[in-house]
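Asks: Numbering of the first sequence is given in the numbering used here, commencing with residue 111 and proceeding in unit increments.
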Amino acid sequence: MSNAEISKLLRNVAASYATKDEKKYYFQIIAYQKAAEAIEQSTTELKDAHKENALEKIPGVGPTIRKHLEELFETGKVKHFEEVMQDVPKAMFPLLDIPSFGPKKAFKLVTFFDLKNPATAMNDLEKIAMDNKIAQLEGFGEKSQQDILQAISEYRQGTTKSARMVYPFAHEIAEKIIEYMKKHKAVKEIQPLGSLRRKVSTIGDVDLAVASKEPEKVIEHFVSYPYKERVIERGPATSSILISGGKHIDLMVQQPERFGSLLQHFTGSKHHNIHLRELALKKGLSLSEYGIKHKKDKDATFKSYDTEEKFYKALGMEWIPPEIREDTGEIELAQKNAVPKLVELSDIRGDFHIHSNFPLKPSHDLGRNTIEEMVKKALSLGYSTIGFSEHNPSVSNQSKKQIYDHIARRNEEIDKVQSRHKSIRIFKLLEIDILVGGSLAIDDNALSLLDGALVSIHSSFSMEKKAMTKRVLQGLSHPKAKILSHPTGRLINERPGYDLEWDSLFAFAKEHNKALEINSWPVRLDLPDALVKEAVEHGVKLIIDTDSHAADQMDNMQYGVAVARRGWATRDAILNTMEYNKFSNWLKE
DNA sequence: GCCGTTTTCGGCCCGACTGTTTTCAGTCG
C-alpha cells in the first residue's frame, strides 16, 4: 500500500468518526487527520518504515495508530477501522476528494439519496443535482446545488492540480508586478506571501502584501496593471486580478504598523502557524493576522507588529527564514536562537553543470552559447570557478577514438579560453549517462581526459527500485564520477521520476565522497527540498548547478539556492561555495 | 489519539467565507 492510499484510509476513518458523533470523537478526528497529512508528506515509504520498525518516527503516529498500521501491513486490513467504518455508507468516501465536500455534506447527501455504489457516487450525485433535487433538501438551496455541480465539474477537469506553476515561473510573474507596484509612491513595502514567499517548488496563486497608509490608491494602481486580463474583485484593502494564462494575482494592503503580523500570518505555512498558536496559547496568548492579544481578556485589543522580527521576538524566539517555516523543527530551534544559517546566493562561487555549444556530437542536447560566452557570463556573476559538463559524445554511431578526439578538442578550446581569462578557473567535466547495467557511457581512456564527471540517468526510467539503486550506485562508484546529476529524474507536472533507495544512496555518497546535485532547472528543482533535508541530515555533500544550455540560464542559480534553503542546507553543505583549490582537491579525493 | 521548556494528565489554532440561516454549520487556508 502506498503512502497516498494509507493517508486516504486514515482520512476516511476520521470522516467516519465525524459522521457518528463529532463532539465525542473530536480529538480522535484531529489525530487521524494529522497522521494522514504527515504520511502524505513523508518522503519514506511507510511500508519501508514498518520493516525498519520506524513507524513512530513519523510525527502524529503514536502507539495506537502505529499498531493499526502494523496490522494493516501484516494482514492487509485493520479490524478497528472496519468497525468504525462499518455503518458508514461507502459511497461518501469518493465524494470527499471534491473541494468544498467535507464529511458532513457527503454523509448527508449519500444518506438522503441512498447512494450505494462508491464507483458511481459522483455521477449519481451530479444527476441528482441536475434533476434539481438537492435544492429541496434542508440545509441546501439553489445556490449550493449549483456549487456542487461546479465543484464536481472542476474536480473532473483537475483544474486545481494542473493549475500549479513551478516556482521560478511564479517568481518571474511576481517580480514583474512587484516592480510595477513599486513605482507608486503610496507603496511603502511589498512582499510575496504564502508558498511563493516560502519558495515552494510549485505555486497556486500569486499572493502579494503591500504596506501603505493609502490602501485605496494602492488598489487603484494595482487594478490598472497593464498586463491584466480582467479585475476579479476590488475591495477597499484587497483586490484580485487575472493575468494572461489564467493566473490569479491577489493583493492585500495593510497599514505599515501592522505589516509584520500580516506578513507572518499569510506566509504560513499552515502547520508552522498552528504550532506557533499552540505555543502562544500556553502563555495565555492568542495569535492572528492582526497581531497578538491576551486570550482571557475578551475586550483586549491586538498588539500589532510592523516587522516579523518583532512578532517572533514577542513569542520568545528569533526570526525564522520563510523557506523553512514548515513545522519540521524550526520553531524549537528558534526558541533556542539556534536556527541554522542557510546558504545564500551570494555564497555561490561557481557553476559546474554547464552545456556549451562545442560540437562534440553529444548523446543529448547541446548548448547554445560558446565556451567563452558562458565564461563571460560566469565572470559577470562574480564566480571564481566554472565547470563545463556537456553530455558525453554519442556512443551509438561513433568509435572510441572519435569520442576521445571530441573530448580532447573540447579541452583544447577550454585551454584557449582559460588563457584569455585568468581570473576564473575552468574545470573540464562532462555529464555522462549511466547505462542500464550501471556502467558509464564512455570508456576509461576517454574519462582520463576529465577533471571529474557528473553522472545521470537519461534512459530506462521505469526500472524497479532495487535495480535502479544498484545502477546508480555502480555508476557513481567510478573514481571520476563525483556528482549525481538531477538525482530523482523528475520533471514537475510531467513525470514523477524514478524510484531509489535513498538511505542506501545517502550512505554511499557519504562514505565515498560523492555529491548529489540540486539542479536549478525550473521544471526539475531536483533534488527536491524534502530529500535535500534528509541528505543534509545524513551529512551528504550537495552542489547547486543550473544545467544551463544558454548563458542567461545561469541566472537560474537562485532557484536551486531556494531549494537548498528549503532543505536546511548551510553554506558548509554546498560544494560550490568553495574556492578553486578546495573544490579541485575534492574532485581528486 | 497524540504529546511534553508550565503537563505522563489534561490539554488540543484562528478567523474568514459562504449559504442557509434568524444565530449557525460546514469548509477552507
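For glycine and all other residues, C-beta sits at the position ideal for the given N, C-alpha and C.
On a Cα-Cα basis, can you pick out the residue from E155, T680, K187, S117 that is closest to V449?
Replies: For the purposes of this step, residue 449 is taken as the residue at position 339 of the first sequence. The shortest C-alpha separation from V449 is found at T680.
Asks: Check whether the segment 566-586 touches the segment 601-615, counting contact only when three or more Cβ pairs, one atom from each stretch, lie closer than 8 Å.
Replies: yes
Asks: What whole-angstrom Cβ distance do F312 and V276 have, given they're in contact under 8 Å?
Replies: For the purposes of this step, residue 312 is identified with residue 202 of the first sequence, where counting begins at 1. For the purposes of this step, residue 276 is identified with residue 166 of the first sequence, where counting begins at 1. In the sequence as presented, Phe is not what sits at residue 312; that position holds Thr. Indeed, because the Cβ distance is near 6 Å, the residues count as touching under 8 Å.
Asks: So what does DSSP say about K413, is it helix, strand or coil?
Replies: Taking the first residue of the first sequence as position 1, residue 413 is located at position 303. Strand.
Asks: Can you tell me whether P163 is helix, strand or coil according to DSSP?
Replies: By 1-based counting over the first sequence, the position of residue 163 is 53. Correcting the residue identity first, residue 163 is Asn in this sequence and not Pro. Note: N163 maps to coil in three-state DSSP.
Asks: Does the structure place the segment 627-635 close enough to the segment 596-608 that three or more beta carbon pairs sit under 8 Å?
Replies: yes
Asks: Buried or exposed, going by whether 16 or more other CB atoms sit within 10 Å of the CB of M688?
Replies: Start at 1 with the first residue of the first sequence, and residue 688 comes out as number 578. Answer is buried; the Cβ neighbour count reaches 16.
Asks: Relative to the alpha-carbon of L443, which residue among L391, E428, V328, P606 has its alpha-carbon at the smallest distance?
Replies: By one-based count along the first sequence, residue 443 stands at place 333. Measuring from the Cα of L443, the nearest candidate turns out to be E428.
Asks: Return the chain-ordered list of same chain residues with a C-beta closer than 6 Å to the C-beta of D675, the five sequence neighbours on each side being excluded.
Replies: Reading the first sequence from its first residue, position 565 is the one you call residue 675. Looking at the sequence shown, residue 675 is not Asp but Arg. Taken in chain order, the residues that qualify are E433, L452.
Asks: Label T185 either buried or exposed according to how many other C-beta atoms from any shown protein chain fall within 10 Å of its C-beta, with 16 as the threshold for buried.
Replies: Numbered from its first residue, the first sequence carries residue 185 at position 75. Around the beta carbon of T185, fewer than 16 other beta carbons sit within 10 angstroms, so the residue counts as exposed.
Asks: Quick one: Cα of S506 to Cα of S566, how far?
Replies: For the purposes of this step, residue 506 is taken as residue 396 along the first sequence, with counting starting at 1. For the purposes of this step, residue 566 is taken as residue 456 along the first sequence, with counting starting at 1. In a straight line, the C-alpha of S506 is about 18 Å away from that of S566.
Asks: Using a Cβ-Cβ cutoff of less than 7 Å, which residues in the same chain neighbour V310 once the five nearest sequence positions on both sides are dropped?
Replies: For the purposes of this step, residue 310 is taken as residue 200 along the first sequence, with counting starting at 1. Closer than 7 Å at the Cβ level, and outside the excluded window around V310, lie Y277.
Asks: Using a Cβ-Cβ cut-off of 8 Å (strictly less than) and excluding sequence neighbours within five positions of L206, which residues of its own chain qualify?
Replies: As a working mapping, residue 206 is identified with position 96 in the first sequence. Answer for L206: R121, N122, A125, G212, P213, A216, listed in chain order.
Asks: To the nearest angstrom, report how far apart D682 and G649 are at their CA atoms.
Replies: Counting from 1 along the first sequence, the entry for residue 682 is found at position 572. Counting from 1 along the first sequence, the entry for residue 649 is found at position 539. Near 10 Å, if we compare the C-alpha coordinates of G649 and D682.
Asks: Mind checking which residues open and close the beta strand (DSSP E) that includes Q716?
Replies: Only positions 111 to 699 of the chain appear in this structure, which leaves residue 716 out of reach.
Asks: Rounded to whole angstroms, what is the Cα-Cα separation between T270 and H358?
Replies: If you number the first sequence from 1, residue 270 lands on position 160. If you number the first sequence from 1, residue 358 lands on position 248. Low per-residue confidence applies at T270: pLDDT is 49, beneath 50, and the placement is therefore not dependable, though the value from the model is reported in the following sentence. If I take the Cα positions, the gap works out to 12 Å.
Asks: Skipping 5 residues on each side, what residues in its chain have a beta carbon closer than 8 Å to that of N603?
Replies: Here residue 603 corresponds to residue number 493 of the first sequence, with the count starting at 1. Around N603: S272, R274, V276, T312, V633.
Asks: Let me know the secondary structure DSSP gives E689 once reduced to three states.
Replies: Residue 689 sits at position 579 when you count from the first residue of the first sequence. Residue state, collapsed to three classes: coil.
Asks: By Cβ distance below 6 Å, which residues in the same chain neighbour D608 in space, the five residues on each side in sequence not counted?
Replies: Taking the first sequence and counting its residues from 1, the one referred to as residue 608 is at position 498. Before going further, note that residue 608 is Tyr rather than Asp in the sequence given. Excluding sequence neighbours, Y608 sits near F571, M578, G599.
Asks: So, does the segment 455-468 touch the segment 489-502, judging by three or more C-beta pairs under 8 Å?
Replies: yes
Asks: Put S570 into one of helix, strand or coil per three-state DSSP.
Replies: Against the first sequence, residue 570 aligns to sequence position 460. It is coil, neither helix nor strand.
Asks: Determine the closest residue to I175 out of H190, E162, Y335, with distance taken between C-alpha atoms.
Replies: Counting from 1 along the first sequence, the entry for residue 175 is found at position 65. Measuring from the Cα of I175, the nearest candidate turns out to be H190.
Asks: Under three-state DSSP, which class holds K271?
Replies: Taking the first residue of the first sequence as position 1, residue 271 is located at position 161. For K271, the predicted structure reports a pLDDT of 45, less than 50, and the residue's modelled location is therefore unreliable. A value from the coordinates is still provided. Reduced to three states, the DSSP call for K271 is helix.
Asks: Check the C-beta distance from Y335 over to R368 and give it rounded, since I have them as a contact under 8 Å.
Replies: As a working note, residue 335 is residue 225 in the first sequence. As a working note, residue 368 is residue 258 in the first sequence. Contact flag wrong, Cβ pair sits at about 25 Å.
Asks: Look at the Cβ atom of L540, then the Cβ atom of A563, and state whether they are nearer than 7 Å.
Replies: In the first sequence, the residue the question calls residue 540 occupies position 430. In the first sequence, the residue the question calls residue 563 occupies position 453. It is a contact, given that the beta carbons lie within the stated cut-off.
Asks: Contact check, K298 vs A321 under 8 Å by CB: the rounded distance?
Replies: If you number the first sequence from 1, residue 298 lands on position 188. If you number the first sequence from 1, residue 321 lands on position 211. Contact annotation, K298 with A321: C-beta distance approximately 5 Å; criterion of less than 8 Å satisfied.
Asks: Reducing DSSP to helix, strand and coil, say where Q364 ends up.
Replies: The count along the first sequence starts at 1 and reaches residue 364 at position 254. Strand.
Asks: As an exercise, report each continuous alpha helix (DSSP H) stretch of at least 4 residues that is fully enclosed by the segment 472-516, in chain order.
Replies: 481-490
Asks: Give me the Cβ distance between D553 and F537, rounded to the nearest whole Å; I'm assuming they're in contact under 8 Å.
Replies: Stepping through the first sequence from its first residue, residue 553 is reached at position 443. Stepping through the first sequence from its first residue, residue 537 is reached at position 427. Not really, about 21 Å apart at Cβ, beyond 8 Å.
Asks: List the DSSP bridge partners of T680.
Replies: Along the first sequence, read from residue 1 onward, the residue named residue 680 stands at position 570. Note: T680 sits in a beta bridge opposite L452.
Asks: Would R520 be called buried (16 or more neighbouring beta carbons within 10 Å of its own) or exposed?
Replies: Stepping through the first sequence from its first residue, residue 520 is reached at position 410. Looking at its Cβ environment, which holds 16 or more other Cβ atoms inside 10 Å, R520 is buried.
Asks: With contact counted as at least three CB pairs below 8 Å, one residue from each stretch, are the segment 467-481 and the segment 655-675 in contact?
Replies: yes
Asks: What do you reckon, are the CB atoms on A347 and V316 nearer than 7 Å?
Replies: Taking the first residue of the first sequence as position 1, residue 347 is located at position 237. Taking the first residue of the first sequence as position 1, residue 316 is located at position 206. Taking 7 Å as the Cβ cut-off, A347 and V316 do not qualify as a contacting pair.
Asks: I need the straight-line Cα distance from P503 to G460, nearest angstrom please.
Replies: Taking the first residue of the first sequence as position 1, residue 503 is located at position 393. Taking the first residue of the first sequence as position 1, residue 460 is located at position 350. Approximately 24 Å between the Cα atoms of the pair.
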